[in-house]
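Colleague:
Chains as they are written, first to last, in the working numbering: chain E, 1 to 325; chain D, 1001 to 1331.
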C-alpha cells in the first residue's frame, strides 16, 4: 500500500507542478492549438513552438500546446480546444482556422472573454481581419497552388495531374484549383485525381493509382502531390510507368527523401510554407503582444509559398535533416 | 470427398470468394479494357494485394479462431520506422534492423496474445490499446531520436533486391514473399493438425481446450504471426519507397478485415480458408485499383468500391449457405 501511496503522491505532485505555472504568472500564458502529433508537417511547427517557448519562458511565461487527436472532425475538435483554452484563462490563443464555419464562434467567444487571438497556418488574412484577430501567420493555399502551377508551366509542363488523397478537404481543393489556374495562364491544363479513402496511408495503392493514370494518358507530363509522403509514392508510380524522364514531379511540403530527389534531379520542385516559422512566429509574436503590446504592421504575414528546387536545395536539405524544413 | 467433382469444388469454402474475384475481374475487363490484364495492369492490383495479403492471412486465421487484431495499423509504421531509423538515420546493417523489426513484432504479438488469453478483455479492445500504445511509442521515439516524423533510407542493393525491388520494373518483390508465405500457411492450416485446432478454437474455445488443444499457446502464436507480418510489410515498404512515415498504415486495418471477410471468413469465427483469404485480397485490390483503368468519374470511386465489395460478400454468403445445407442425393 505504501508504494501505491508514494506513486500516487508523486503523480499528484507532478500534476500540480504541471498546472502550477498556468496559475502563477509573470509573463504571458499562451495557448497554441495544432494538428496531430504524428503529422510530419506539424512536427516542424512543433519545432518552432519549442524554440519560441525558450523566449516565452525567459519572459516568465508559459506555452501550452494543445494538439488534435484525430482529423476526423477537425473543425469541431479545434473549436473544443479553443474553449478548453478559454476555460484555462490563458492570456492569448494562437490557432489555425481550418474550418471557419465550425471555429469562428469559439474564436469570437475567446475575444468576448477578453482573450486576443492570433490565427496561424490556416484561415488567411481576410478571415483574421473579419474576426478581429491580431494577425494571420502562414500560407495561403490558393496562391501557393497558383505559384506551383506557374512554376510547372514555366518548366514546360502542359498537362498536370493533381493527386488528392483527401478529396473534399477545402484547403487541398484550393491547392489543386491554384495549380489548375496557374497552368491555365500559359494554356496548360490540370485535372484532379481524387483517391478513395482506402488508399490513404497505403503507399503502394497511391503509387499504383498514379501509375495506372499515367499509363492511361500519354499526354500527362506533370504530377503534383498534396503531401511529401504522397510524393514518395508518386515517384515510384512514375518509375513503374517508365515516365521519370518525361513527367515532372512537384509536391506540397517536403521530407528528406523528397529533398534528396530534388538534389538528384528526380523531382522538379516542392512548395514550401516554412512550418517552423509559423510555429515560431505565432508564439513569439503572441508573447510580444501580451507582454509589450508589440504587433506587426504587415498583415497577413506570409511564410509561403516558397519554391524549393535545384537552386536552393543544399541549405534546405541541411535544415530538413535537422527537422526544421 | 475422394473423387473431385464440379459440385464438390463449388462447395469448398473458397468457391464463393473465387467466383467473386472472377466477377470483379470480368467487370473491369469490360469497363477498363484489356490494359487491365496486361503485365503492368496486373501489377497494379497484385502489388496492392501482396502488401495487404501478407497481413490478411494471419489476421484471417485469428478471425477463424474467433479473435481480431487491429494493432497491425501501427505495426506497419513501426516496421518502417525501425528500419529507417536504425539503418537510415544511424548506420546499423540492415540484417540487424530486420532482427529488431521482427523481434518487436514478437514482443507486441506476445503482449496482445497474452492479455487476450489471460484476461476476459475482448481482443478488439486489447489490440486497440496496443494500436495506440505502439503508435505513441513509435512517434515519441522517432521525434526524440531524429527530430522528425519522416526518415529517409537508402538500402544496399542486396536488401533492396530481396525486400523492396521491382521485378521487371513493375512487380514488387513482396509478391513472391506473399506467394511463399501463402504456401506455408496452406500447408500448415489445411494439411496438418494445427489448422483443425484453429477451426476448433473458433468453433468453441472451451470444448477445444477440453479436447486437449493447446488453445493458449496457439492463440498467442497467431497474434505473434500477425504482428510480425505487419512489421515485415512496413519494413518492405520503407525499403521500397526509400522513406518511412510515422503516420502511415491505419487504412490497412479496414482494408485487411474487408479482404478477409470478402475471402469468406466469418466474422464470428470457425469458418474460412487460406486460399479464400487470398482470393478475397485479390478481389479487394482489383476493386480498388480497377477504377483507374475505367473512364468512370473518379469522384464516384468510393461508391463503386463499396457496392462491389458488398456484392462480392453477398455472393460468398449465398455460396456458403448453399454449401453448408448441401446433402448428397440418396442413391
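Yeah, the Cβ is synthetic: ideal placement off N, Cα and C, and Gly gets one too.
1) Can you give the Cα-Cα distance for residue 119 of chain E and residue 1075 of chain D, rounded to whole angstroms?
2) So for residue 225 of chain E, helix, strand or coil by DSSP?
3) Measuring straight from C-alpha to C-alpha, what distance separates residue 1063 of chain D and residue 1194 of chain D?
4) Would you mind reading off the limits of the alpha helix (DSSP H) that contains residue 1119 of chain D?
5) May I ask which residues mark the beginning and end of the alpha helix (DSSP H) holding residue 1289 of chain D?
6) Could you name the residues of the same chain whose beta carbon sits closer than 8 Å to that of residue 321 of chain E, not counting the 5 residues immediately before and after it, in chain order?
7) Distance check for residue 280 of chain E and residue 53 of chain E, CA to CA, integer angstroms please.
8) Which of the three DSSP states, helix, strand or coil, is assigned to residue 272 of chain E?
9) When you check each C-beta in the stretch 1286 to 1308 of chain D against every C-beta of chain E, which residues fall closer than 8 Å?
10) Which of the three DSSP states, helix, strand or coil, is assigned to residue 1171 of chain D?
11) When the Cα of residue 291 of chain E is compared with those of E:103, E:55, E:112, E:259, which residue comes out closest?
12) Taking the beta strand (DSSP E) that residue 192 of chain E falls in, what are its first and last residues?
13) Report buried or exposed for residue 316 of chain E, applying the criterion of at least 16 other Cβ atoms within 10 angstroms of its Cβ.
14) Over what stretch of residues does the alpha helix (DSSP H) that includes residue 250 of chain E continue unbroken?
15) Identify each residue in the stretch 1226 to 1256 of chain D for which the Cβ-Cβ distance to at least one residue of chain E is less than 8 Å, and report them in chain order.
16) Using a Cβ-Cβ cutoff of less than 7 Å, which residues in the same chain neighbour residue 1097 of chain D once the five nearest sequence positions on both sides are dropped?
17) Check each residue of the stretch 1119 to 1137 of chain D: if its Cβ is closer than 8 Å to any Cβ of chain E, include it; give the result in chain order.
18) Could you list which residues in chain E have their beta carbon closer than 7 Å to that of residue 1166 of chain D, in chain order?
19) In chain E, which residues lie with their C-beta within 9 Å of the C-beta of residue 1035 of chain D?
20) Can you list the residues of chain E that residue 1149 of chain D reaches, using a CB-CB cut of under 8 Å?
21) Span of the beta strand (DSSP E) holding residue 37 of chain E?
22) What residues in the stretch 1169 to 1200 of chain D bring their beta carbon closer than 8 Å to a beta carbon of chain C?
23) Could you check whether residue 135 of chain E and residue 301 of chain E sit closer than 8 Å to each other, using their CB atoms as the reference points?
24) Spatial neighbours of residue 259 of chain E within its chain, please: CB distance less than 8 Å, with the 5 preceding and 5 following residues excluded, ordered by chain position.
25) Quick one: does residue 1048 of chain D have its CB under 8 Å from some CB of chain E?
26) Any C-beta of chain D sitting closer than 8 Å to the C-beta of residue 171 of chain E?
27) Below 6 Å CB to CB, which residues in the same chain sit around residue 1324 of chain D once its five sequence neighbours on both sides are set aside?
28) Any residues in the stretch 1098 to 1114 of chain D with a beta carbon nearer than 8 Å to a beta carbon of chain E? Which ones, in chain order?
29) Residue 79 of chain E to residue 107 of chain E, Cα distance in whole Å?
30) Just tell me which of E:86, E:114, E:93, E:76 has its CA closest to the CA of residue 101 of chain E.
31) Assign residue 151 of chain E to buried or exposed, taking buried as 16 or more other Cβ atoms, counted over all protein chains shown, within 10 Å of its Cβ.
32) Please list, in chain order, all residues of the same chain as residue 229 of chain E whose beta carbon is under 8 Å from its beta carbon, the five residues on each side excluded.
33) Tell me which residues share the same chain as residue 1269 of chain D and place their Cβ nearer than 7 Å to its Cβ, disregarding the 5 neighbours each side in the sequence.
34) So, residue 96 of chain E versus residue 49 of chain E, is the Cβ gap smaller than 8 Å?
35) Nearest by alpha-carbon distance to residue 262 of chain E: which of E:274, E:249, E:305 is it?
36) To which residues of the same chain is residue 326 of chain E closer than 8 Å at the C-beta, ignoring the five residues directly before and after it?
Modeller: For this structure:
1) Here the question's residue 119 of chain E lines up with position 119 in the first chain. Here the question's residue 1075 of chain D lines up with position 75 in the second chain. Roughly 36 Å separates the two Cα atoms.
2) Here residue 225 of chain E refers to the residue found at position 225 when the first chain is read from its first residue. DSSP places residue 225 of chain E in strand when its eight states are reduced to three.
3) Translated into positions along the second chain, residue 1063 of chain D becomes position 63. Translated into positions along the second chain, residue 1194 of chain D becomes position 194. Residue 1063 of chain D and residue 1194 of chain D: Cα-Cα distance of roughly 15 Å.
4) The sequence position of residue 1119 of chain D within the second chain is 119, counting from 1. Neither: residue 1119 of chain D is in no alpha helix (DSSP H) and is coded neither H nor E.
5) Translated into positions along the second chain, residue 1289 of chain D becomes position 289. Element bounds for residue 1289 of chain D: 1274 to 1290.
6) Counting from one through the first chain, the residue named residue 321 of chain E turns up at place 321. Same-chain partners within the cutoff: 256.
7) Against the first chain, residue 53 of chain E aligns to sequence position 53. Against the first chain, residue 280 of chain E aligns to sequence position 280. Residue 53 of chain E and residue 280 of chain E: Cα-Cα distance of roughly 8 Å.
8) Within the first chain, residue 272 of chain E is the residue found at index 272, counting from 1. If DSSP states are grouped into helix, strand and coil, residue 272 of chain E belongs with the strands.
9) Correct list: 1288, 1289, 1291, 1292, 1293, 1298, 1299, 1301, 1302, 1305.
10) For the purposes of this step, residue 1171 of chain D is taken as residue 171 along the second chain, with counting starting at 1. Three-state DSSP puts residue 1171 of chain D in a strand.
11) Taking the first chain and counting its residues from 1, the one referred to as residue 291 of chain E is at position 291. The shortest C-alpha separation from residue 291 of chain E is found at E:55.
12) Position 192 of the first chain, counted from the first residue, corresponds to residue 192 of chain E. That run of the beta strand (DSSP E) goes 189 to 194.
13) Taking the first chain and counting its residues from 1, one reaches residue 316 of chain E at position 316. Buried, since its Cβ has 16 or more Cβ neighbours within 10 Å.
14) As a first step, residue 250 of chain E is located in the first chain; it is residue number 250 there, counting from the start. No alpha helix (DSSP H) contains residue 250 of chain E, which is instead part of the beta strand (DSSP E) from 248 to 252.
15) Those would be 1237, 1240, 1241, 1242, 1243, 1245, 1246, 1247, 1248, 1249, 1250, 1251, 1252, 1254, 1255, in chain order.
16) As a working mapping, residue 1097 of chain D is identified with position 97 in the second chain. Excluding positions up to five away in sequence, the list reads 1082, 1083, 1086, 1087.
17) Within the stretch 1119 to 1137 of chain D, the residues whose Cβ lies closer than 8 Å to any Cβ of chain E are, in chain order, 1135.
18) Start at 1 with the first residue of the second chain, and residue 1166 of chain D comes out as number 166. Among the residues of chain E, those whose CB is under 7 Å from the CB of residue 1166 of chain D are 240, following chain order.
19) Position 35 of the second chain, counted from the first residue, corresponds to residue 1035 of chain D. Those within 9 Å of residue 1035 of chain D in chain E are 212, 215, 216.
20) For the purposes of this step, residue 1149 of chain D is taken as the residue at position 149 of the second chain. Annotation: Cβ neighbours of residue 1149 of chain D in chain E (cutoff 8 Å, chain order): 38, 39, 40, 43.
21) Here residue 37 of chain E is taken as the residue at index 37 of the first chain, counted from 1. From DSSP, residue 37 of chain E is part of no beta strand (DSSP E); its letter is neither H nor E.
22) Any reference to chain C falls outside this structure, whose protein chains are E and D.
23) As a first step, residue 301 of chain E is located in the first chain; it is residue number 301 there, counting from the start. As a first step, residue 135 of chain E is located in the first chain; it is residue number 135 there, counting from the start. With respect to residue 135 of chain E, residue 301 of chain E sits close: the two C-beta atoms are nearer than 8 Å.
24) By 1-based counting over the first chain, the position of residue 259 of chain E is 259. For residue 259 of chain E, where only same-chain residues beyond five positions count, the Cβ hits under 8 Å are 270, 308, 313, 316, 317, 320, 325.
25) In the second chain, the residue the question calls residue 1048 of chain D occupies position 48. Cβ-Cβ to chain E under 8 Å: yes for residue 1048 of chain D.
26) Locating residue 171 of chain E in the first chain gives position 171, counting from the first residue. Residue-level contact by beta carbon fails for residue 171 of chain E and chain D, as no gap is shorter than 8 Å.
27) Stepping through the second chain from its first residue, residue 1324 of chain D is reached at position 324. Same-chain partners within the cutoff: there are none.
28) Against chain E - using a Cβ distance shorter than 8 Å - the stretch 1098 to 1114 of chain D contributes no residues.
29) The count along the first chain starts at 1 and reaches residue 79 of chain E at position 79. The count along the first chain starts at 1 and reaches residue 107 of chain E at position 107. The straight-line gap separating the alpha-carbon atoms of residue 79 of chain E and residue 107 of chain E is approximately 8 Å.
30) Mapped onto the first chain, residue 101 of chain E falls at position 101. Ranking the options by Cα distance to residue 101 of chain E, first place goes to E:76.
31) The sequence position of residue 151 of chain E within the first chain is 151, counting from 1. With 16 or more other Cβ atoms within 10 Å, it is buried.
32) Counted from its first residue, the first chain places residue 229 of chain E at position 229. By the criterion of a C-beta distance shorter than 8 Å, residue 229 of chain E is surrounded in its chain by 40, 203, 255, once the five residues flanking it on both sides are discounted.
33) Stepping through the second chain from its first residue, residue 1269 of chain D is reached at position 269. The answer, listed in chain order, is 1063, 1064, 1065, 1066, 1202.
34) Counted from its first residue, the first chain places residue 96 of chain E at position 96. Counted from its first residue, the first chain places residue 49 of chain E at position 49. No.
35) What you label residue 262 of chain E is simply residue 262 of the first chain in a count that begins at 1. When only C-alpha atoms are compared, the closest one is E:249.
36) Nothing can be reported for residue 326 of chain E, as the shown portion of chain E is limited to 1 through 325.
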